[in-house]
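Read the structure below first, then the notes.
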Amino acid sequence: MGAESRQSVVHRFFAGLAEYTFQARLGVADPPLIDYLSALMTRFVHADDIFRLRDLAGRQLQQVTHMLGEADARVGDARREAHRHVGDFTLFWTGLYPEALKKLCAADAPDHLLDYNEHGKRAYYIASTIPTERQGADNEVLRRLSYEFELCQYGLQEVRREWERRDEEGDGPANLLIN
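One point on numbering: in my numbering, the residue at position 96 of the sequence shown is 263, and numbering is uninterrupted.
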């Protein structure tokens, strides 16, 4: 199976899980929001995308503290994308892998005193207010992600539970890619 085909299978898997979790289990019928979260999970399958934000010297930024500094130093679309990435990054870790926060926010880490929820909400809100050529629906989704951060976080935790349940039954993403 080619890389593009694998990506498509993974996206369909995450889209199905997100739809089921948010619509059927949580009663959240918001297709643009669910599509955004499905795309986020698919994109972040690759570690390069999780840590895609870089400083001016080209160094990969792995701490929200550094990402926020870089986002605030940018203007226009670059600033919007950097803040959106901070929102995605914090939602990804708090929603899908909250156990990783112990390492990300360890006592010796720059993010030690950072509240990922508050900074994620704020980053999505800032991104939603920066004008772009394709404003409208995209900005509205970012604004909803800001206002509904905890709901999305909980929904992603439920998505993970569901995919782990399917992994145990042999219907998870790894098995889909092999067949």
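Think of the CB as a built atom: it goes at the ideal place given N, C-alpha and C, for glycine as much as any other residue.
For the pair R221 and H279, the Cα-to-Cα distance works out to about 20 Å. By the CB criterion at 8 Å, T261 and Q190 fall outside the cutoff. When DSSP states are grouped into helix, strand and coil, Q229 belongs to the coil group. Contact between the region 321-332 and the region 210-229 is absent: fewer than three C-beta pairs spanning the two stretches fall below 8 Å.
Around the beta carbon of S172, a 10 Å sphere encloses fewer than 16 other beta carbons of the protein chains shown; the residue is thus reported as exposed. In terms of CA proximity to Q230, L281 leads the group R241, Y203, Y187 and L281. Assignment of R219 by DSSP, reduced to helix, strand and coil, places it in the coil class. Looking at R192, A267, H233 and K270, the one whose alpha-carbon comes closest to that of H252 is H233. DSSP, read as helix, strand or coil, puts C272 in coil. Only residues of its own chain outside the window of five on either side were considered, and among them F189, I201, L318 and G322 have a CB closer than 8 Å to the CB of V195, listed in chain order.
Rounded to whole angstroms, the Cβ separation of F256 and I217 is 7 Å, and the two are in contact under 8 Å. In the DSSP assignment, I293 falls within the unbroken alpha helix (DSSP H) covering Y283 to T296. Going by beta carbons, P198 and V308 fall outside the 8 Å limit. Distances from the CA of H250 to each of Y283, K269, D275 and A267 were compared; the closest alpha carbon is that of Y283. If you draw a straight line from the Cα of F211 to the Cα of P265, it is about 15 Å long.
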